[in-house]
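Accompanying notes for the structure given below.
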Amino acid sequence: MSNYPKAIGPYSAYREANGLLFISGQLPINPDSGEIESEDIEEQTKQSLKNIGAILKENGISYDKVLKTTCFLANISDFAAFNEIYSEFFQAPYPARSAFAVKDLPKGAKVEIEVIALKG
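Note that this note's numbering has the sequence shown beginning at 53, numbered continuously upward.
Listed below in structure tokens is the structure:
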């Protein structure tokens, strides 16, 4: 069993091409239970980033190889709390990043994060 959730649709959790690892948006799903276990934005952010970390580890790389993140928030007022947790996972030089407020996320999540990392 992997340490990250399986894809919940017709897509791959990640793909590799030309030395880059493209990780699909990771919801805050606990891979053991298959559920979102917290309503708290901080805990959801941690779980999404842990899921990303598990995929990175499976591919023999770490967070410092992440070049770009795209972050989706169900509520932009959660941005400061999200940013605080996010900064615990990445060090300078930080990845390039986009962050968006979206109307809804799958499974009622408050956050989803996708990344592009350097593998080669």
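Backbone N, C-alpha and C fix where the C-beta goes; we use that ideal spot for every residue, glycine too.
Thinking residue i and residue j are a contact (beta carbons under 8 Å), I'd like their distance in whole angstroms, please.
| i | j | result |
| --- | --- | --- |
| Ile168 | Leu119 | 5 Å |
| Ile60 | Pro158 | 7 Å |
| Ala161 | Leu79 | 5 Å |
| Leu73 | Asn111 | 6 Å |
| Tyr115 | Leu108 | 7 Å |
Can you list, in chain order, the residues of its chain whose CB lies under 6 Å from that of residue i, leaving out five sequence neighbours each side?
| i | result |
| --- | --- |
| Thr97 | Phe134, Ile137, Val163 |
| Ile128 | Ala153 |
| Tyr177 | The question about residue 177 has no answer here: the residues shown for the chain are numbered 53 through 172. |
| Ala151 | Cys123 |
Taking 7 Å as the limit between beta carbons, can you name the residues of its chain near residue i, skipping five residues before and five after?
| i | result |
| --- | --- |
| Asn202 | Examination of residue 202 is not possible in this model, given that the chain is present from 53 through 172 alone. |
| Asp156 | Ala126 |
In this structure, what does DSSP give as the bridge partners for residue i?
| i | result |
| --- | --- |
| Ile165 | Gln78, Cys123 |
| Ala153 | Leu125 |
| Tyr66 | Ile75 |
Between residue i and the rest of its own chain, which residues show a CB-CB distance below 8 Å, the 5 nearest in sequence each way excluded?
| i | result |
| --- | --- |
| Glu87 | Ile81 |
| Gly71 | Leu170, Lys171, Gly172 |
If we require 4 or more residues per run, which alpha helix (DSSP H) segments fall completely within the segment 111-150?
131-141
Alpha helix (DSSP H) runs wholly inside the segment 68-113, at least 4 long, in chain order:
93-110
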